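Heads up, the thing below is written out as structure tokens.
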Amino acid sequence: MSKVAVVFWSATGNTETMANCVAEGANGTIVPCGEMNAAKLAEFDAVAFGCPAMGAEQLEESEFEPMFSDLEGSLNGKKIALFGSYGWGDGQWMRDWVERAQGDGAQVLNGEGLICNEAPDDDVQAACRKLGADLAAW
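Heads up: take any position in the sequence shown, counting from 1, add 1298, and you land on the working numbering.
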């Protein structure tokens, strides 16, 4: 089992619910996005990043985006999973995020992110637990 961090930002609680389920599945540690940096990233074998779609289908700009940008130089070879919720659009922010992370050299679990429209129901929560377990076992 890998040592897994779950780093997320949530405005409405939907992505937070997802993060808690991912952490449960991975037996992982939740790290607030304001505390994640390259040194902290190096302490973990794998990281699950969670952020909802904001604005024109983009990552949250004031806290999450700056943190993720700062980590991009440290993602090469890192095993990661991506997840988040959205309320509009079709999930383009996640496809863009996966492509960006892969461009940074990260290994993205399953080659895609896990998305949820609005509040995560029981099926999505189960999928989040599986995502965490799969990331920890990878």
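Just so it is clear, CB atoms sit at the ideal spot from N, CA and C, and this is done for glycine as well. Because the structure is a prediction, the values reported are computed rather than measured.
Here A1399 is buried: its Cβ has 16 or more other Cβ atoms, across all protein chains shown, within 10 Å. Annotated three-state conformation of A1424 is helix, per DSSP. Runs of the beta strand (DSSP E) lying entirely within the region 1325-1379 and spanning at least 3 residues, in chain order: 1327-1330 and 1344-1348.
Inter-segment contact for the region 1343-1357 and the region 1305-1319 is present: three or more beta-carbon pairs are separated by less than 8 Å. About 5 Å separates the CB atoms of P1418 and T1315; that is less than 8 Å, so the two are in contact. Residue pairing of N1415 in beta bridges, as defined by DSSP: Y1384. With distances taken between CA atoms, A1434 lies nearest to E1322 out of E1322, A1354 and D1368.
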